[in-house]
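Residue numbers (the UniProt record's numbering): 1 to 410. C-beta atoms are modelled at their ideal positions from N, C-alpha and C, and glycine is treated no differently. All values derive from a computational prediction rather than experimental measurement.
1. Shortest alpha-carbon distance to residue 48 belongs to which of 119, 280, 383 and 289?
2. Please report the straight-line C-alpha distance between residue 255 and residue 88, rounded to a whole angstrom.
3. For residue 73, which residues of its own chain have a beta-carbon under 6 angstroms away from its beta-carbon, when the five flanking residues on both sides are left out?
4. Expressed to the nearest angstrom, what Euclidean distance is found between the alpha-carbon atoms of residue 179 and residue 212?
5. Which one of 79, 242 and 218 has the shortest CA to CA distance from residue 227?
6. Give me the Cα-Cα distance between residue 1 and residue 350, rounded to the nearest whole angstrom.
7. So, are the CB atoms of residue 25 and residue 393 less than 8 angstroms apart?
8. With a Cβ-Cβ cutoff of 8 angstroms, do residue 379 and residue 32 count as a contact?
9. When the Cα atoms are used, what is the spatial distance from residue 204 to residue 68?
10. Does the beta-carbon of residue 148 have 16 or more other beta-carbons within 10 angstroms, so that it is buried, or is it exposed?
11. If you draw a straight line from the C-alpha of residue 395 to the C-alpha of residue 300, how long is it?
12. Assuming residue 154 contacts residue 182 under a Cβ cut-off of 8 angstroms, what Cβ separation, rounded to an integer in Å, is found between them?
13. Our contact map puts residue 244 next to residue 231 with C-beta atoms below 8 angstroms; I'd like the distance itself, whole angstroms only.
14. Mind checking which residues open and close the alpha helix (DSSP H) that includes residue 89?
15. Can you tell which of 130, 83 and 334 has the C-alpha that lies nearest to the C-alpha of residue 206?
16. Helix, strand or coil for residue 1? Go by DSSP, reduced to three states.
17. Leaving out five residues before and five after residue 217 in sequence, what residues of the same chain have Cβ atoms less than 6 angstroms from its Cβ?
18. For residue 188, which three-state DSSP category applies?
19. Can you have a look at residue 168 and say buried or exposed, based on whether 16 or more other CB atoms are within 10 angstroms of its CB?
20. Should residue 157 go down as buried or exposed, given a rule of 16 or more other Cβ atoms within 10 Å for buried?
21. Should residue 260 go down as buried or exposed, given a rule of 16 or more other Cβ atoms within 10 Å for buried?
22. Please specify which runs of the beta strand (DSSP E), each continuous and at least 3 residues long, are wholly inside the stretch 134–158, giving them in chain order.
23. Quick one: complete alpha helix (DSSP H) runs, 4+ long, within the stretch 166–231?
24. List the endpoints of the continuous beta strand (DSSP E) containing residue 124.
25. Could you give the DSSP three-state label for residue 254: helix, strand or coil?
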């Protein structure tokens, strides 16, 4: 295998038969090129699905009130369900050992003014735990704390883009502005890179402050919580069912009514989405592998032609004493060299195309398309093995041909 004369002879043969070599190598390059691009795009699609869940903690559960569509215990159908502070406290009491963070949330659109600057934004009234559920990063100042909740403080944490819109280059922390003509003090500025501009145009205030402003109501729009990771995905499903059962019982909703309470688990959505992405990737893999197989068949056909063309040469070698194993080894080594060189070229071109088109593919929901090192190794090994098989069959036939028969070949 490491005979210098053998290697010199192989490269001389390749150099003398450029067209033949290019034809053999082109099928390999094309096959691995298409395989790399298809598999890379499959990974990019999977990355898009995964990144869509990066804005929130992966162990988050969202609970929304809906409309009870069925009559139950004397209550009429189409009854609107409303959450209150007592619902939040009930969940803390019943499931405190399984809950990590919990917060209420009230959302409202407001007109914001600072000096001569105006803007319309969404205000979210929350508890301090909301920061960990949304994975909010504080760039300046601080987030809402328990003292703000107890004191009904008129303070606000604004998004980075809100600061840019209203305060320009000034540091917003410590300054006062109005939300629907009510004065608040800015205590912090947050960023939320994972979710883009939408989240960074939000404003957070203490939930008790918003409830006080709205005529001392104790109503809340939704409840968000995160469960202890130790309970796992199956435990999270049980927790969701237990919460649904408890709230339905409290609000007199029929157990079979699917519209009274809505519960959404991030981990379940992520699992379902990634399962769908994995199925797509498997389909893409088999399509790409089929393309790779087509390239292998192509090089196999070309190798049959190459061996047939060199029949007289092989006969002379056997007449001079070359063993059948030496003939087979020479052809196989030449096949492997061609396969590896052109296969590597296909990998390089495929990776270059993926990197150069990376940003442009985001509009098609493909993020950071790439091929892992393991897949590259798999494809390379597959090519080498396929090249060996493609070259072995015609080489073995050629090695069995008697020298006198080979020398008569025209």
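Taking the coordinates as given:
1. Comparing Cα-Cα distances from residue 48 to each of 119, 280, 383 and 289, the minimum goes to 280.
2. If I take the Cα positions, the gap works out to 20 angstroms.
3. Result list for residue 73: 252, in chain order.
4. Roughly 14 angstroms separates the two Cα atoms.
5. Of the candidates 79, 242 and 218, 242 places its Cα closest to the Cα of residue 227.
6. Unreliable positioning characterises residue 1 in this predicted model, as indicated by a pLDDT of 48, which lies under 50. A coordinate reading is not provided.
7. No.
8. Going by C-beta atoms, residue 379 is nearer than 8 angstroms to residue 32.
9. The straight-line gap from Cα to Cα measures roughly 30 angstroms.
10. Residue 148 should be labelled buried.
11. When rounded, the distance between both Cα atoms is 11 angstroms.
12. For a cut-off of 8 angstroms, the C-beta gap from residue 154 to residue 182 is around 7 angstroms, short enough to register as a contact.
13. Not really, about 16 angstroms apart at Cβ, beyond 8 angstroms.
14. Where residue 89 is concerned, the enclosing alpha helix (DSSP H) stretches over 85–95.
15. Of the listed residues, the one whose Cα sits closest to residue 206 is 130.
16. Bear in mind that a pLDDT of 48 at residue 1, under 50, signals an unreliable position, so the model cannot answer this.
17. Here the set comprises 211.
18. In the structure shown, residue 188 adopts extended strand secondary structure according to DSSP, grouped into three states.
19. A residue is called buried once 16 or more other Cβ atoms fall within 10 Å of its Cβ, and residue 168, having fewer, is exposed.
20. Within 10 angstroms of the beta-carbon of residue 157 lie 16 or more other beta-carbons, which makes it buried.
21. It counts as buried.
22. Here the runs fully enclosed are 137–141.
23. Here the runs fully enclosed are 207–213.
24. Where residue 124 is concerned, the enclosing beta strand (DSSP E) stretches over 117–126.
25. Residue 254 falls in the coil class under three-state DSSP.
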